[in-house]
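Asker: Plus 698 on top of the position in the sequence shown (first one is 1) and you've got my numbering.
Built from N, CA and C at the ideal position, the CB exists for glycine as well.
Below: one structure in structure tokens.
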Amino acid sequence: MTVHSDPGDSPEADTALKRRPKSSLKGQQTKAAIVHAALNLATHIGLEGLSIGALAERMQMSKSGVFAHFGSREELQVSVVREYHARFEEEVFYPAMKADRGLPRLRALFGHWMARTAIEIDQGCIYISGAIEFEDRDGPVRDALVTSMTLWLNALKRAVAQAKATGELTPDTDEAQVTFEIHGLILTLHYQARFMRSADALARVQTSFEHILARYLSSGHTN
Numbered sequence: 699m700t701v702h703s704d705p706g707d708s709p710e711a712d713t714a715l716k717r718r719p720k721s722s723l724k725g726q727q728t729k730a731a732i733v734h735a736a737l738n739l740a741t742h743i744g745l746e747g748l749s750i751g752a753l754a755e756r757m758q759m760s761k762s763g764v765f766a767h768f769g770s771r772e773e774l775q776v777s778v779v780r781e782y783h784a785r786f787e788e789e790v791f792y793p794a795m796k797a798d799r800g801l802p803r804l805r806a807l808f809g810h811w812m813a814r815t816a817i818e819i820d821q822g823c824i825y826i827s828g829a830i831e832f833e834d835r836d837g838p839v840r841d842a843l844v845t846s847m848t849l850w851l852n853a854l855k856r857a858v859a860q861a862k863a864t865g866e867l868t869p870d871t872d873e874a875q876v877t878f879e880i881h882g883l884i885l886t887l888h889y890q891a892r893f894m895r896s897a898d899a900l901a902r903v904q905t906s907f908e909h910i911l912a913r914y915l916s917s918g919h920t921n
């Protein structure tokens with residue numbers, strides 16, 4: 699989850715954009731619209747529920763028209779995972795990077811993640827539903843899900859390491875263990891709120907997060 703400079707800011711890229719055929723731009727816009735529609739469907743019916751036919755009907759296109767943009771249902775599913783990850787970054791990762799390194803950033807990452815999970819209680823989470831659908835099925839879709847989740851958990855792990863480097867967490871803090879426990883809180887939140895319909899799930903998860911931090915805080919630092 700590294701922020702890259704935008705190649706579109708250069709004069710060369712601007713010239714290339716002007717030279718790009720209108721048909722190419724229209725094709726990209728159509729493909730983006732299809733992925734957007736597919737993601738909306740997948741949040742409710744899962745990645746396995748996606749079909750070229752259902753998307754064609756929703757987009758008011760022919761099946762061959764949708765197929766031409768992806769080539770296979772599997773490629774469509776991978777595109778949806780990547781789009782979901784891009785949105786996750788925009789809503790969770792990048793806003794948290796505005797916070798200072800250390801506990802402020804770690805809290806921001808968890809806070810934005812929990813807020814997004816709260817919204818997905820009604821919509822569904824591609825990472826969680828996808829893990830269930832593809833847990834024992836090797837292939838590009840599972841690989842895309844694992845890659846996306848690994849990138850995010852590594853970012854969270856770095857935030858824990860930074861909090862240790864700033865002296866806010868104890869020197870013997872195990873970054874992998876803290877990350878594991880925080881991830882567990884989000885999975886529990888989804889289960890308790892979505893399946894068990896527990897009204898106090900959000901509050902309990904927030905309390906649990908503070909308990910995790912309290913175990914690793916350096917002397918002189920408080921929650």
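With a threshold of 8 angstroms on Cβ separation, who are the neighbours of V779 within its own chain once the five nearest residues in sequence on each side are excluded?
Answerer: Same-chain partners within the cutoff: L745, I824, G828, V839, A842, L843 and S846.
Asker: Pair every Cβ in the segment 773-793 with every Cβ in the segment 863-873, then say whether three or more of these pairs are closer than 8 angstroms.
Answerer: Result no; under three Cβ-Cβ pairs closer than 8 angstroms.
Asker: Compute the Euclidean distance between the alpha carbons of I880 and M759, then round it to the nearest angstrom.
Answerer: Rounded to the nearest angstrom, the two C-alpha atoms are 43 angstroms apart.
Asker: How many angstroms separate the CA atom of P802 from the CA atom of Q904?
Answerer: Rounded to whole angstroms, P802 to Q904 spans 15 angstroms at the Cα level.
Asker: Output the distance between the C-alpha atoms of R835 and N738, rounded to the nearest integer angstrom.
Answerer: Straight-line Cα distance between these residues: approximately 23 angstroms.
Asker: Could you say which of R892, L851, P793 and K761 lies nearest to Q875 if we only look at CA atoms?
Answerer: For Q875, the nearest C-alpha among the options comes from L851.
Asker: So, is A731 buried or exposed, given that buried needs 16 or more other C-beta atoms within 10 angstroms?
Answerer: A731 should be labelled exposed.
Asker: Taking only the alpha-carbon atoms, compute the straight-line gap between A897 and D820 and give it to the nearest angstrom.
Answerer: Distance between the alpha carbons of A897 and D820 is about 13 angstroms.
Asker: Out of curiosity, what's the CA-to-CA distance linking L748 and T871?
Answerer: If I take the Cα positions, the gap works out to 43 angstroms.
Asker: For I884, does the count of other Cβ atoms within 10 angstroms reach 16, so buried, or fall short, so exposed?
Answerer: That one is buried.
Asker: Spatial neighbours of W811 within its chain, please: C-beta separation below 7 angstroms, excluding the five flanking residues on both sides.
Answerer: For W811, where only same-chain residues beyond five positions count, the Cβ hits under 7 angstroms are V790 and I884.
Asker: What number of angstroms, rounded off, separates the C-alpha of A816 from the C-alpha of F808?
Answerer: A816 and F808: Cα-Cα distance of roughly 12 angstroms.
Asker: To the nearest angstrom, report how far apart F907 and K796 are at their CA atoms.
Answerer: The straight-line gap from Cα to Cα measures roughly 21 angstroms.
Asker: Can you tell me which of the three DSSP states L883 falls into?
Answerer: Of the three classes helix, strand and coil, the one that applies to L883 here is helix, per DSSP.
Asker: Which value, in whole angstroms, describes the spacing of the CA atoms of A853 and I743?
Answerer: Roughly 29 angstroms separates the two Cα atoms.
Asker: Which of helix, strand or coil does DSSP assign to L915?
Answerer: Three-state result, L915: strand.
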